Amino acid sequence: MSTVDGEPTSTIPRITTARLVLRGLRAGDLDAFAENLADPIATEHLGGVVDRRAAWRVLAAGTGFWMLTGAGWWGIALRETGELVGTVGAFFRETPGADLELGWSVFRRHWRRGYASEAAQAALAFGFERHAVPRAIAHIDGRNAASIRVSARIGMTYEGEVDFYGERTGRYVIARRS
Ligand SMILES: CC(C)(COP(=O)(O)OP(=O)(O)OC[C@H]1O[C@@H](n2cnc3c(N)ncnc32)[C@H](O)[C@@H]1OP(=O)(O)O)[C@@H](O)C(=O)NCCC(=O)NCCS
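For the sequence shown, position 170 (counting from the first letter as 1) is numbered 211 according to the working numbering, and the numbering increases by one without interruption.
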């Protein structure tokens with residue numbers, strides 16, 4: 042697998058957990074993905090709703106990150122039915138040497154079933170296994186109680202407020218254990 046400076050790769054790992062499969066996003070996921078990003082409640086802490094065209098770019102970018110850095114976003118599907126229930130990422134931002142960052146989003150009708158925590162735990166474990174980074178971080182708005190709970194469940198702790206593209210936001214961190 043490539044690193045930030047390595048050869049591009051198109052391989053997106055498939056990860057299985059107790060109830061979920063983390064798999065590469067597909068063009069056919071756009072309807073569900075765009076529907077979620079058009080929901081004002083689901084996007085309250087993500088900067089607000091976006092249209093289908095913007096959703097397509099977000100989906101494509103999360104997939105393209107894999108080619109550029111060997112890290113990126115997965116679709117979260119239910120093992121039992123294959124239904125897409127959200128997305129999770131362990132990815133690098135544009136800044137060279139940036140921390141490995143985690144992100145998660147579960148479609149609203151599937152909230153509070155532990156899916157985000159289960160997927161984030163798997164993404165974090167994979168990220169530490171694949172990338173020689175000392176720690177992983179997440180940026181979470183202080184009003185986003187659900188997301189803060191997810192970060193706590195996977196062992197992240199609050200580091201402090203940081204500037205995040207011009208906005209103050211919380212940074213949560215977890216150090217590599219081994
Ligand atoms: C944040 C989000 C991914 C959580 O997904 P989820 O699958 O419902 O989370 P889980 O079921 O794993 O729940 C994790 C914890 O959060 C709690 N929780 C879930 N929704 C909550 C809410 N609306 N308010 C308060 N706590 C909530 C759960 O009870 C659980 O707590 P526990 O550890 O004490 O049992 C989901 O709410 C979401 O997609 N929100 C919109 C996108 C977003 O904000 N992403 C994060 C950006 S930083």
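Ideal Cβ positions, reconstructed from N, Cα and C, are used throughout, including at glycine.
Computed from a prediction, not measured in an experiment: that's the story for all the values here.
| Query | Result |
| --- | --- |
| Backbone CA spacing between Ile56 and Gly168 [nearest angstrom] | 12 Å |
| Beta strand (DSSP E) segment containing Ala131, residue limits | 125-133 |
| Inter-residue Cα distance where the pair is Val126 and Ala79 | 15 Å |
| Within 8 Å, strictly: CB atoms of Ala96 and Gly144 | no |
| Three-way DSSP call (helix, strand, coil) for Ser43 in this model | Per-residue confidence for Ser43 stands at a pLDDT of 44, beneath the threshold of 50, marking its modelled position as unreliable; no derived number is given. |
| Sequence-distant residues of its chain with Cβ nearer than 7 Å to Arg194 (five each side left out) | Ser158 |
| Nearest-angstrom beta carbon gap, Ala131 and Pro175 [assumed within contact, 8 Å] | That belief does not hold up - the Cβ atoms of Pro175 and Ala131 are roughly 14 Å apart, past 8 Å. |
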